[in-house]
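As numbered in mature numbering (1 follows the signal peptide of the UniProt record, and there is no 0), residues -41 to -1, 1 to 570 make up the sequence shown, in order.
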Amino acid sequence: MSTPLSGSGRHRRRIRLALPVAAAGVAAAVAAALLSSSANAAGSVPTPTTKPATSSVSTAELKKRIAGALATDGTAGETPQKSSLSASTTGTGATATPYVIGGTDTAIASAPWMAQLWYYDDKGTTDTSDDIGFFCGGTVVSPTKILTAAHCVKDESGKSYNWKAYGAVLTGTSQTPTTDSSGNTDLHGGTVSLPLRQWNHPSYSPTTINNDIAVLTLATPVTATPIRMTTSGDTASYAGGTSAKLYGWGRTSSTSQDISDTLKSATLTIHTDSTCSGVYGSEYIAGHMVCAGTQSGSDSGTKAACNGDSGGPLIVNNRIVGVVSWGVADCVEKGYYSVFSKVSTYIGAAYANVDDTNLSYTDGKADLFVRNSSTKEAFELDSKGTSFAARVSLGSYDGLNVVLQTDLNRDGYQDLVVRKSSTGDVYWLHYVPSSGSWSQTKIFSGWTTRTRIVVPGDVTGDYLPDLLSVDSGGTLWIYPGKGNGTFGSRVSVGTGWNQYNMLRGHGDFNGDGKADLLARKSSTGDLYLYKGTGKSGTGAFSTRIKVRSAWTGYNAFDAVGDVNGDGKADFLARTSGGTLYLYKGTGKATTEIFATRISVGTGFQQYDLFG
C-alpha cells in the first residue's frame, strides 16, 4: 500500500484517477526539422543546414507542472457509470479506474521503458477548484514515442487535453516525484520531457471507452530503452490462462486514493473473451479489449490495475499486448477483472504514429519532399490532411537522383537517404542534437545500377528501420537496419523485381503493423500490394495482391506514410498533366485498399524527385 506523504517534507498525493491518470502540462513548441540546405554545386551531396528548433520550456517549468499535478484531485477521462454495470449488477458501477493492487516494488532497470505522464492546467485563475491535474502511465516504444490510453489525452466530453501546453513525461526512474516544504520537486534521477504532440485513435469513444489507445510524441529523444508492441497476428498471447505482467504507479489499495510512490508490477492471468463478456456483458467489446487479473472483493487476493495505472502496459513475452483502460470503481469488486485495450488490434494505427514522416514535426501527418526538375531547388510541402500547405524552399538539391525520407536512428528527427548521380554513392543525412549540426554519412558505394531504393520502415520485425534495393538483375535485397545508420548483411528476398517500374513503401497499408510495399508492373500498369510479414529473406512479403488494374495514367508516385493523420498509410500519384492525387489508405488488403482519390493540387509536373 502507498504510504501517505507526510513528515519528511513530502507533499501528499491526492490524485484520484480513473483508469486514466495523467499529469503536468507544459507550453512549448518544437519547430520542424526543416531539411533545408544552401546551394550546392552539381554532383555534390547537399547537407541540410537549418537546425530543428528546440523546446523553449525549461526543466523548471516542467517540474512546476508536475508539482501542480501532485497537488490536484483530478481524474483523466473520467466516464459516468456504465448502464450494464449499474446497481442491479454491481453496487459500485464501472468507471475508467485502474491501479496495481497485489503488486510488488519493481526497479526501473527491470522496466526501463516505463513512463510517467503528468498533466496540470491551473486555468490561469486564482480559484483552484477549476484546476485540472492528473497522472497516467505510458510506455516508451521508440525514443520519442509514448504509447498510452486515449482517455489520457481526451476528457469525458471528447475534448482533447493539451499535452504540449500542460503536460510532462518522466522516464528513467521507478519513483514518482516528490515536493518538499519549499516547493522544490525531486525527480529522483528521472528525465523530464516535453510532449510535443498527441494522437488518439480517431474512433475513440469516451462513453464506451472503446478504441482506447494513443501515442504521445516527445520534443526530444529519451535514453530509456524502448519495448515493442505485439503483432497483429498474435493470438497466443491472448489465450485464456496466459500469464501477463502489469506495471504501474497506480493505487495499491481500494481504501486509499493515493497512487504508489514506487513502480509496482504484478502477474495477471488473461481471461477468454467469453469470460470477460460474461462479467461485463456488452460493455466488453471482444476484439478491441482483453481482460485480466483476479478481484476477490478486498485488497487481499486481488491482482488488478487501478487508478493511476491507466495507459500503462500489460506485457507477455517482452511485448506489449494490452494498455490499461478501465474497470470497476475501487478495483477489487469480486468477480470482476481489469480491462485493457487489445494492442494487436491497434498495432497498425499505432505503428503509423511511431514511424511517421513528419517533416514539420508538429502535427503527426506525413509531409512531402519534392525537387524542381529544372532548377534543382527542393521544397517541403506540409500536409493539411487532404491538401498541402504552401511550399517551403529547402535550397538546391542538385547532383542527386534519389531523395527519401526516413528516420534510420529513430531519434524522432527526420533523416534523408540520398544517392549521388555521378557515383551512385548513397548517403545518410541526419541531425545530431548534441552538436546542433547535420551529419553526412556514406552508407553504400557505387549503387549506380540499383534500379530501386526504398526505405519502408521496419520490414524484419525488430522495430528498426530497414532499407531495400533492387539490383540490375532484378533481385530485391533487404539491408537490416541497426538503428544507428548502419546495416547488417544484406538478405535476398527474391528475383523478378525489375518487372516493376515503380516500387514504393513507407508504413503499413493493410493495418497489421508491418511495413508493406506497392509495386506497379511495367507492362500492364497493374498495381500490386506486397504485405510485409515481419520476417527477413524470401518470406519477408506475402504473395502479391492486385489492388488496381491498368494504372497507366500516372507517371510518378510517393508513399510517405500517414498523410491525413488517421493512422493508415496513404499513397500519392501524379498524372502526366501534373495533377497530384491523394489515395487515403483504408487498411484493407483488397481492391478497396484506397478511398476515392482526392486532388491535392496541380503543377506537379515540374518536380522530378518525390521523397
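Backbone N, C-alpha and C fix where the C-beta goes; we use that ideal spot for every residue, glycine too.
Taking the alpha carbon of Leu423 as the point to measure from, which residue in Gly294, Asn277 and Asp370 has its own alpha carbon closest?
Residue numbering aside, residue 423 sits at position 464 when the sequence shown is read from its first letter. Comparing Cα positions, the closest option is Asp370.
Here's a check: name, in chain order, each residue in its chain whose Cβ is nearer than 7 Å to the Cβ of Thr231, leaving out the five neighbours to either side.
Counting from one through the sequence shown, the residue named residue 231 turns up at place 272. Contacts found: Gly199.
What three-state label does DSSP hand Ile557 in the structure shown?
Reading the sequence shown from its first residue, position 598 is the one you call residue 557. It is a strand residue.
Give the single residue among Ser482, Ser481, Thr483 and Arg463 whose Cα lies nearest to the Cα of Ala474.
Residue 474 sits at position 515 when you count from the first residue of the sequence shown. The residue with the shortest Cα to Cα distance from Ala474 is Arg463.
Could you spell out where the beta strand (DSSP E) holding Tyr513 opens and where it closes?
As a working mapping, residue 513 is identified with position 554 in the sequence shown. DSSP places Tyr513 inside the beta strand (DSSP E), whose first and last residues are Tyr513 to Gly520.
Any chance the region 190 to 197 sits against the region 295 to 315, with 3 or more Cβ pairs inside 8 Å?
yes
Same chain only: Cβ atoms within 6 Å of Gly92, ignoring 5 sequence neighbours per side:
One-based indexing of the sequence shown puts residue 92 at position 133. Once the five neighbours on either side are set aside, the close Cβ partners of Gly92 are Gly27, Ala28, Thr31, Gly33 and Tyr79.
Grouping DSSP H, G and I as helix and E and B as strand, with all else coil, what is Pro136?
Indexing the sequence shown from 1 puts residue 136 at position 177. Correct three-state label for Pro136: coil.
Using the Cα positions of Ala515 and Gly405, report the straight-line distance between them to the nearest angstrom.
Along the sequence shown, read from residue 1 onward, the residue named residue 515 stands at position 556. Along the sequence shown, read from residue 1 onward, the residue named residue 405 stands at position 446. Cα-Cα distance, rounded: 25 Å.
Between Ser333 and Val4, what straight-line distance do the alpha-carbon atoms span, to the nearest angstrom?
Position 374 of the sequence shown holds residue 333. Position 45 of the sequence shown holds residue 4. Taking C-alpha positions only, Ser333 is separated from Val4 by approximately 17 Å.
Please name the residue, chosen from Gly433, Leu427 and Gly432, that lies closest to Pro439 on a Cα-to-Cα basis.
Your numbering for residue 439 matches position 480 in the sequence shown. Comparing Cα-Cα distances from Pro439 to each of Gly433, Leu427 and Gly432, the minimum goes to Leu427.
Between the beta-carbon of Gly562 and the beta-carbon of Gly537, is there less than 7 Å?
Mapped onto the sequence shown, residue 562 falls at position 603. Mapped onto the sequence shown, residue 537 falls at position 578. Against a cut-off of 7 Å, the Cβ pair of Gly537 and Gly562 comes out as a contact.
For the beta strand (DSSP E) that contains Thr534, what are its first and last residues?
Here residue 534 is taken as the residue at index 575 of the sequence shown, counted from 1. For Thr534, the uninterrupted beta strand (DSSP E) segment begins and ends at Asp529 to Thr534.
Which whole-angstrom value is the C-beta distance of Gly425 and Ile437, which I expect to be below 8 Å?
The residue labelled residue 425 in the question sits at position 466 within the sequence shown. The residue labelled residue 437 in the question sits at position 478 within the sequence shown. Looking at the sequence shown, residue 425 is not Gly but Asp. Going by Cβ atoms, the distance from Asp425 to Ile437 rounds to 6 Å, so yes, they are a contact pair.
Is it true that the region 156 to 168 meets the region 259 to 268, where meeting means three or more beta-carbon pairs spaced less than 8 Å apart?
no
Under the rule that 16 or more other beta-carbon atoms within 10 Å means buried, what is Gly271, buried or exposed?
On the sequence shown, residue 271 is found 312 positions in, with the first residue counted as 1. Gly271 should be labelled buried.
Exposed or buried, what is Val506 when buried is set at 16 or more other beta-carbons lying within 10 Å of its beta-carbon?
As a working mapping, residue 506 is identified with position 547 in the sequence shown. The residue in question, Val506, is buried, as its Cβ has 16 or more Cβ neighbours within 10 Å.
DSSP beta-bridge partners for Trp77?
As a working mapping, residue 77 is identified with position 118 in the sequence shown. BP columns for Trp77 point to Phe94 and Ala127.
Does the distance from the CB of Ala263 to the CB of Gly252 come in under 7 Å?
To locate residue 263, count along the sequence shown from 1; it is residue 304. To locate residue 252, count along the sequence shown from 1; it is residue 293. Closer than 7 Å, so yes.
Given a threshold of 16 other Cβ atoms within 10 Å of its Cβ, counted over all protein chains shown, does Lys324 qualify as buried or as exposed?
For the purposes of this step, residue 324 is taken as residue 365 along the sequence shown, with counting starting at 1. Under a 10 Å Cβ-count criterion, Lys324 is classified as buried, with 16 or more other Cβ atoms of the shown protein chains found around its own Cβ.
Could you round the C-beta distance between Gly358 and Ser380 to whole angstroms and report it? I think they count as a contact, below 8 Å.
As a working note, residue 358 is residue 399 in the sequence shown. As a working note, residue 380 is residue 421 in the sequence shown. Going by Cβ atoms, the distance from Gly358 to Ser380 rounds to 6 Å, so yes, they are a contact pair.
Per DSSP, which one or two residues make a beta bridge with Trp208?
Here residue 208 refers to the residue found at position 249 of the sequence shown. In DSSP, Trp208 forms no bridge with anything.
Below 7 Å between beta carbons: does that hold for Ala386 and Lys401?
Taking the first residue of the sequence shown as 1, we reach residue 386 at position 427. Taking the first residue of the sequence shown as 1, we reach residue 401 at position 442. The sequence shown places Tyr at residue 386, not Ala. Cβ distance < 7 Å, so Tyr386 and Lys401 count as in contact.
To the nearest angstrom, how far is it from the Cα of Gly546 to the Cα of Asp314?
Locating residue 546 in the sequence shown gives position 587, counting from the first residue. Locating residue 314 in the sequence shown gives position 355, counting from the first residue. Spanning the alpha carbons of Gly546 and Asp314 requires a straight line of approximately 16 Å.
Here's a check: name, in chain order, each residue in its chain whose Cβ is nearer than 6 Å to the Cβ of Arg556, leaving out the five neighbours to either side.
Within the sequence shown, residue 556 is the residue found at index 597, counting from 1. Once the five neighbours on either side are set aside, the close Cβ partners of Arg556 are Tyr540 and Tyr542.
Grouping DSSP H, G and I as helix and E and B as strand, with all else coil, what is residue 572?
The requested residue 572 is not part of the displayed model; the chain covers only -41 to 570.
Quick one: what does DSSP say Lys22 is sitting in, helix, strand or coil?
Taking the first residue of the sequence shown as 1, we reach residue 22 at position 63. In this structure, Lys22 counts as helix in the three-state DSSP scheme.
Going along the chain, which unbroken runs of the alpha helix (DSSP H) with 4 or more residues stay wholly within the region 232 to 259?
Here the runs fully enclosed are 232 to 239.
From what residue to what residue does the beta strand (DSSP E) around Thr545 run?
Numbered from its first residue, the sequence shown carries residue 545 at position 586. From DSSP, Thr545 is part of no beta strand (DSSP E); its letter is neither H nor E.
Indicate whether Arg378 and Val351 have their beta-carbon atoms separated by less than 7 Å.
The residue you call residue 378 lines up with position 419 of the sequence shown. The residue you call residue 351 lines up with position 392 of the sequence shown. No, the pair does not count as a contact, with Cβ atoms beyond the cut-off.
Check the DSSP bridge columns for Glu339 and list the partner residues they point to.
Locating residue 339 in the sequence shown gives position 380, counting from the first residue. For Glu339, which the question treats as bridged, DSSP gives the partners Phe328 and Val351.
Going by DSSP, which residues form a beta bridge with His389?
For the purposes of this step, residue 389 is taken as the residue at position 430 of the sequence shown. His389 pairs with Ser398.
Using the Cα positions of Cys250 and Pro7, report the straight-line distance between them to the nearest angstrom.
Counting from 1 along the sequence shown, the entry for residue 250 is found at position 291. Counting from 1 along the sequence shown, the entry for residue 7 is found at position 48. Distance between the alpha carbons of Cys250 and Pro7: 49 Å.
Let's test the definition: count the other Cβ atoms within 10 Å of the Cβ of Gly512 and tell me whether it reaches 16, buried, or not, exposed.
Along the sequence shown, read from residue 1 onward, the residue named residue 512 stands at position 553. Under this definition Gly512 is an exposed residue.
Validate contact between the region 131 to 150 and the region 63 to 70 using beta carbons, cut 8 Å, 3 pairs
yes
Measuring CA to CA, which of Lys113, Thr226 and Tyr356 is closest to Thr201?
For the purposes of this step, residue 201 is taken as the residue at position 242 of the sequence shown. Looking at the Cα atoms, Thr226 is the closest of the given residues.
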